[in-house]
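Colleague:
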Amino acid sequence: MSTQEFLQLLRENTIYRVITGSTAYGLNVEHSDIDEKAFVILPPTRAFTLGKEWETDTFHNPDIEFHSLKKAMNLLNSQNPTILETLFVSQPFVVKQTKHGKWIRENRELFLSQNCYHSFGGYAKDQLMRIKNGLQKATPNEQLEHLEYKLNQMVSEMKERYPALEDGMIQVQHISKDSKGNPQSNLSVQFNQISLTELNGITTELTNAQKSYSKKDRQTKKPTEQLYKHAMHLLRLLMMGTEILKEGRLTVYQEKQQTFLKGIRNQEYSWDEIFTIAEDLFEKLRQAKEQTILPKSTDKSKINKLYTDIIQNYYGLS
1 MSTQEFLQLL RENTIYRVIT GSTAYGLNVE HSDIDEKAFV ILPPTRAFTL GKEWETDTFH
61 NPDIEFHSLK KAMNLLNSQN PTILETLFVS QPFVVKQTKH GKWIRENREL FLSQNCYHSF
121 GGYAKDQLMR IKNGLQKATP NEQLEHLEYK LNQMVSEMKE RYPALEDGMI QVQHISKDSK
181 GNPQSNLSVQ FNQISLTELN GITTELTNAQ KSYSKKDRQT KKPTEQLYKH AMHLLRLLMM
241 GTEILKEGRL TVYQEKQQTF LKGIRNQEYS WDEIFTIAED LFEKLRQAKE QTILPKSTDK
301 SKINKLYTDI IQNYYGLS
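Those letters in the sequence shown? Residues 1 to 318, per full-length UniProt numbering, in order.
The following block contains the structure:
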């Protein structure tokens, strides 16, 4: 099957497709691309084979990212910000919604939990470090603190994938740099029992994250326009994360903050002002977590049932 034929197959079997990114936020400019994301259920002849299960593909002109329903729901369950927002975009930005896509959107609250603090806060910290590295202003301590946050965030999210992992079993104790300047992470690990498969998965993910960070933390000067775009999204993520934790909902179209956020993108604020605003918003995010109305974690059984119901109905098995 050619690339174009497979693209057509994905389009035909899309159950939910939305416009995302700056356009959905109301923060696009004249040269902004239009980004889309879509959830797909492949036909039986493609889904039930001995080959590797298809998960994700990205196409350009226009830019669209396709996910299998299983992949999408796993990302939703981990509160991945760029996927979670697909269920909360304003109706005009919904390009396609079948009855099965509607089932997901109508059950979007299932995917909200206190983990939004880590997912939105983590993405925001990533943006902050991109800015500081791009300005060549990131201190070694800030880089190590960011890596520590990333690893702790990963451990928190891993509990969704590794049943044996519970609170406190893995703790990041200290991160330093060796003689070659590479980060070294010291962990406290305590398991009463865990399968070798799960243990290998956990250690591999954490090790790869540390290796990847070693490459990314190099300070390279970036174009000013790009850095201010990062700053806009940094502040947006913090405000959206705070809203979810406080109110249990997510406003994607930034009508109330549009002028302010576009002002950030248009370089109307100094970096000192932006860093001060970010520090205040990180604190508001932390306070929102302390006062949140959301459950500690998502209800996996309800999410699994939703997935099963959709798949069975789609294939005519119920």
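Glycine included, every Cβ here is placed at the ideal spot set by N, Cα and C.
(1) Take residue 152 and list the residues in its own chain whose beta-carbon comes closer than 6 angstroms to its own, dropping the five residues that flank it on each side.
(2) For residue 237, I'd like the list of residues in its chain whose CB is within less than 6 angstroms of its CB, leaving aside the five on either flank, ordered along the chain.
(3) Could you tell me which uninterrupted alpha helix (DSSP H) segments, each at least 4 residues in length, are contained entirely in the stretch 129-198, listed from first to last along the chain?
(4) In its own chain, which residues sit with a C-beta less than 7 angstroms from the C-beta of residue 86, not counting the 5 before and 5 after it?
(5) Does the beta carbon of residue 234 come closer than 8 angstroms to any beta carbon on chain C?
(6) Can you find at least 3 beta carbon pairs, one from the stretch 258-271 and one from the stretch 78-92, that sit closer than 8 angstroms?
(7) Confirm, please, whether the CB-CB distance from residue 245 to residue 254 is below 8 angstroms.
(8) Just curious, the beta strand (DSSP E) that residue 67 is in, first and last residue?
(9) Name the one or two DSSP bridge partners that residue 38 has.
(10) Apart from the five residues on each side of it in sequence, which residues of its chain come closer than 7 angstroms, Cβ to Cβ, to residue 155?
(11) Check residue 48 in the structure and name its three-state DSSP category.
(12) Please identify the residue among 258, 184, 98, 140 whose C-alpha is closest to the C-alpha of residue 232.
(13) I'd like the span of the alpha helix (DSSP H) that includes residue 280, first residue to last.
(14) Just list the residues that DSSP pairs residue 4 with in beta bridges.
(15) Would you call the stretch 102-114 and the stretch 68-81 in contact, with 3 or more CB pairs under 8 angstroms?
Modeller: So, from the data block:
(1) The beta carbon of residue 152 sits closer than 6 angstroms to the beta carbons of 172 from its chain, once the five residues preceding and following it are set aside; these are given in chain order.
(2) Around residue 237: 120, 123, 124.
(3) Positions of the alpha helix (DSSP H) runs, each at least 4 residues long and wholly inside the stretch 129-198, are given as 140-158 in order along the chain.
(4) When the five nearest sequence neighbours on each side are left out, the beta carbons in the same chain lying within less than 7 angstroms of the beta carbon of residue 86 are those of 18, 20, 37, in order along the chain.
(5) No chain C appears in the structure shown, which is made up of a single protein chain.
(6) Output reads no: the stretch 78-92 does not touch the stretch 258-271.
(7) Going by C-beta atoms, residue 254 is not nearer than 8 angstroms to residue 245.
(8) From DSSP, the beta strand (DSSP E) with residue 67 extends over 63-68.
(9) Bridge partners of residue 38: 17, 66.
(10) A distance below 7 angstroms between beta-carbons, with the five flanking residues on each side excluded, links residue 155 to the following residues of its chain, in chain order: 170.
(11) Residue 48: coil per DSSP, three-state reduction.
(12) If we check each option's Cα against that of residue 232, 258 comes out closest.
(13) Where residue 280 is concerned, the enclosing alpha helix (DSSP H) stretches over 271-290.
(14) BP columns for residue 4 are empty, so no partner.
(15) Yes, they touch.
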